[in-house]
Structure formats: C-alpha cells, structure tokens
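Undergrad: Residue numbers (my numbering): 268 to 458. C-beta atoms are modelled at their ideal positions from N, C-alpha and C, and glycine is treated no differently. The model shown is predicted, which means the values in this text are computed figures rather than measured ones.
Rendered as structure tokens:
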C-alpha cells in the first residue's frame, strides 16, 4: 500500500469511528433529555457534516471491488446527510424542541431524504458486503440498521426504536473504521 492509500485509510478510519460515535452519543443525549438542546444539536451537526466525506472514503478504500452500486450508494447516503446537517441548523435557528416537531415542519422533504438515505444505505451495504474488503459482518450490521429503520418506520414505532436502527448503522461504520485503523482491510480493496 502506498503512502497516499495509507493516509486515506487512516483518515477514513478515524472519521468512520468518530462521526458515527458522536451521532450515537447525540441520539442518546436527545433521548434521555426528552428533546433537542442547542449543544446537542451543534455536536450532532459536526458528525453529520463528516458523513458525506466518510462515505466517499469508505467507497474509495474498497475500489475496485465495491463497483458502481457502492458508488451510487455512498453518494446517496452521503447526500442525504448534507440535508440532515441542514435540518440540524434549522432546528437550532428555529428553536425546535424535538424530532417530532422538526419532522412536522419539514414533512415531505425530510421523508424524501430519509428514503434517499435508506436506498443509498442499502446499495452501499450490499456492495460492501459483496466487495469482501471489510468483514462481511460490518456490512451486515450496517444493513441491519437500515432494515430496522425501514420496518420500524412502517409501523410508526417510537423514536427510541428508530434510534436503535441508527445505532446499528453507526456501529457498522465504526467497525469498518476500526478495521481501517488497524490495517486489517484486505489489501486488494485499496487502490
């Protein structure tokens, strides 16, 4: 592995650990406090702005194995988080108290980006699973979070359960980051 590829792996690995971990933390703070706080939202914003770059990095370290499906998935998933970062700023400036109130204000546009995140996440997760650059269980965990969000969204489960789906997605990304940081990814996946 050349120096540039090693730097890409290190930067992507660190991002894949830190940003999703912060997202899990802010979800827990939101849940335990019963809503949003300005500090929690600012910290959440920081994690959200990293995710688009993180997804492109995870795609890049799996090239060429991940293929076009992985690229499309990474782009859709990442682009949805550009919008979600915007919604975090919106919640701060409008003093929105909780997720339900935010969704009520943004409704259809928020839902469309949620669908985009779901479709992109499924495409990326499937492509990552097939690529075999990371252990398959990391992609399976990411996909389990997507599946949990879909199934719980259909039955309109409470936010706690949606947070559980997000946590599984994030834990899958964190595991990929750990493998990158430890240099355990299969060499053929890094070009």
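1. So, helix, strand or coil for residue 332, using DSSP?
2. Could you check the C-alpha separation between residue 288 and residue 447 for me, to the nearest Å?
3. In whole angstroms, give me the CA-to-CA distance for residue 331 and residue 396.
4. Could you spell out the range, first to last residue, of the alpha helix (DSSP H) harbouring residue 303?
5. Taking just the CA atoms, how far does residue 388 sit from residue 377?
6. Could you name each continuous alpha helix (DSSP H) segment of 4 residues or more that falls completely within the region 324 to 410, going from the start of the chain to the end?
7. Please name the residue, chosen from 276, 437, 409 and 410, that lies closest to residue 329 on a Cα-to-Cα basis.
8. Would you check if the distance between the CB atom of residue 401 and the CB atom of residue 363 is smaller than 9 Å?
9. Just the C-alpha distance for residue 380 and residue 351, rounded to the nearest angstrom, thanks.
10. Rounded to the nearest angstrom, what separates residue 290 and residue 345 at their Cα positions?
11. Quick one: Cα of residue 278 to Cα of residue 314, how far?
12. Helix, strand or coil: how does DSSP classify residue 432 here?
13. Is the beta carbon of residue 322 sitting closer than 9 Å to the one on residue 336?
TA: Answer, in terms of the structure:
1. coil
2. 16 Å
3. 14 Å
4. Unbroken run through residue 303: none, as it is neither H nor E.
5. 16 Å
6. 334 to 360 and 366 to 398
7. 276
8. no
9. 8 Å
10. 14 Å
11. 15 Å
12. helix
13. no
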